[in-house]
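Undergrad: Going by full-length UniProt numbering, the first residue of the sequence shown is number 1, and it counts up by one from there. Idealized CB from N, CA, C, for every residue including glycine. Below are the structure tokens for one structure; questions will follow.
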Amino acid sequence: MNLESLKHAQRERILFLDQCLTWRGQANRRDLRQRFDISMAQAAVDFRTYLSLTQTPPVYDATEKTYFSGSDHRALSDAGPEQVFDLLSEGTDCLGASIPLPNRVMNCAVIAQLYRAMRGERDIQISYTSMSSGASEPQWISPVRFHYDGEAIHLRAWSHKHGAYRDYLPIRMANQGPVGTRDRVSPLPFDTDWHSFVRMWICPRSDLSDAQARVVRLEYGFQDRTRITLETRKALVFYVIKRWRLTDEQSRLELEKIEEVVT
């Protein structure tokens, strides 16, 4: 038996148990009942299933009627920070808090028009507001793909105005109802930056003390390495630098070097 062989509903319960034992260090049948509204009998079945899957079985405390994980516990799956926070703040009297995040708005009508133009291999006329000049002049683009930087969806397109591939935020395109489209008269140039890959070497900031650098390596999962490497498309380097805050004055990391990946 393995996780993938379980039905979806039970797999979700098993993963929840695993996360409780990983991040809370304990779990009992009541946790399952409160989260999934299942019977005590089903909760007992789920615990038996979990115990058959884990290589580091938790220890049952009859007094507490709770399973406790040991120091050698190994999780069956990973969990992101948001999942961990939800798990830690659930069912406790200690009120947690999270900061309000910006909501990056999207206009479904604009995105649908761009998608149709992309799928139909057609050019589309847009009115795009530039953040550098503030100008908002009509221009023709040839949409080729969408990409996501962790915060917003961007459109990559050939700009007939600039004669180059550029990235656009759809929300900065004016929604003026029906837009002009036209047949693409010739194949688009090869998008070299999109099809090229680079390796980015990231390390703790050079002005940190040895102790500070050590905890930064722990925080970002360097393990035993002095630096970590990321591979990404050359066209997306700007977004990686921005997302990792590598140019921020208070960043704890810095970009050591970028090298092209030869394929």
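If we call anything under 9 Å between Cβ atoms a contact, is Y148 one with R156?
TA: Reading the sequence shown from its first residue, position 148 is the one you call residue 148. Reading the sequence shown from its first residue, position 156 is the one you call residue 156. No. Outside cutoff.
Undergrad: Using the DSSP secondary-structure output, state which residues sit across from T66 in a beta bridge.
TA: In the sequence shown, the residue the question calls residue 66 occupies position 66. Answer by DSSP bridge pairing, in chain order: D61.
Undergrad: How long is the line joining the alpha carbons of I153 and F146, rounded to whole angstroms?
TA: One-based indexing of the sequence shown puts residue 153 at position 153. One-based indexing of the sequence shown puts residue 146 at position 146. I153 and F146: Cα-Cα distance of roughly 7 Å.
Undergrad: What is the DSSP secondary structure of W201, counted as helix, strand or coil?
TA: Residue mapping note: residue 201 aligns to position 201 of the sequence shown, counting from 1. In this structure, W201 counts as strand in the three-state DSSP scheme.
Undergrad: Could you tell me which residues DSSP puts in a beta bridge with residue 268?
TA: The first residue shown for the chain is 1 and the last is 263, placing residue 268 beyond what the model contains.
Undergrad: Using the Cα positions of I99 and V105, report the straight-line distance between them to the nearest angstrom.
TA: Here residue 99 is taken as the residue at index 99 of the sequence shown, counted from 1. Here residue 105 is taken as the residue at index 105 of the sequence shown, counted from 1. Rounded to the nearest angstrom, the two C-alpha atoms are 18 Å apart.
Undergrad: Among the residues of its own chain, which have a CB less than 7 Å from the CB of R245, if the five just before and after it don't count?
TA: What you label residue 245 is simply residue 245 of the sequence shown in a count that begins at 1. So the qualifying residues of the chain are S251.
Undergrad: Considering L230, what are the terminal residues of the beta strand (DSSP E) in which it resides?
TA: Against the sequence shown, residue 230 aligns to sequence position 230. Here the beta strand (DSSP E) through L230 covers I228 to R233.
Undergrad: Taking the alpha carbon of S66 as the point to measure from, which residue in E121, G25 and V216 has its own alpha carbon closest?
TA: By one-based count along the sequence shown, residue 66 stands at place 66. In the sequence as presented, Ser is not what sits at residue 66; that position holds Thr. Comparing Cα-Cα distances from T66 to each of E121, G25 and V216, the minimum goes to G25.
Undergrad: Is the Cβ of Q26 closer than 9 Å to any Cβ of chain D?
TA: The structure shown contains no chain D; it is built from a single protein chain.
Undergrad: Express the C-alpha separation of R184 and V110 in angstroms, rounding to a whole number.
TA: Residue mapping note: residue 110 aligns to position 110 of the sequence shown, counting from 1. Residue mapping note: residue 184 aligns to position 184 of the sequence shown, counting from 1. Each residue's Cα considered, the two are about 20 Å apart.
Undergrad: Just checking, does the stretch 76-91 make contact with the stretch 130-137 on the three C-beta pairs under 8 Å criterion?
TA: In short, these stretches do not touch, since the Cβ pair count stays below three.
Undergrad: Which whole-angstrom value describes the C-beta separation of L15 and L76, a residue pair presumed to lie in contact below a C-beta threshold of 8 Å?
TA: For this step, residue 15 is matched to residue 15 along the sequence shown. For this step, residue 76 is matched to residue 76 along the sequence shown. About 7 Å separates the two Cβ atoms, so the contact holds.
Undergrad: To the nearest whole angstrom, what separates the beta carbons of V240 and L253, a pair I think is in contact under 8 Å?
TA: By one-based count along the sequence shown, residue 240 stands at place 240. By one-based count along the sequence shown, residue 253 stands at place 253. Not confirmed; about 11 Å, so no contact.
Undergrad: Between the C-alpha atoms of M1 and T63, what's the straight-line distance to the nearest angstrom?
TA: Your numbering for residue 1 matches position 1 in the sequence shown. Your numbering for residue 63 matches position 63 in the sequence shown. In a straight line, the C-alpha of M1 is about 31 Å away from that of T63.
Undergrad: So does the stretch 50-58 actually touch the stretch 67-74, counting three or more Cβ pairs closer than 8 Å?
TA: Touching, yes.
Undergrad: Tell me the rounded alpha-carbon separation between E12 and F68.
TA: Your numbering for residue 12 matches position 12 in the sequence shown. Your numbering for residue 68 matches position 68 in the sequence shown. Their backbone Cα atoms lie some 20 Å apart in a straight line.
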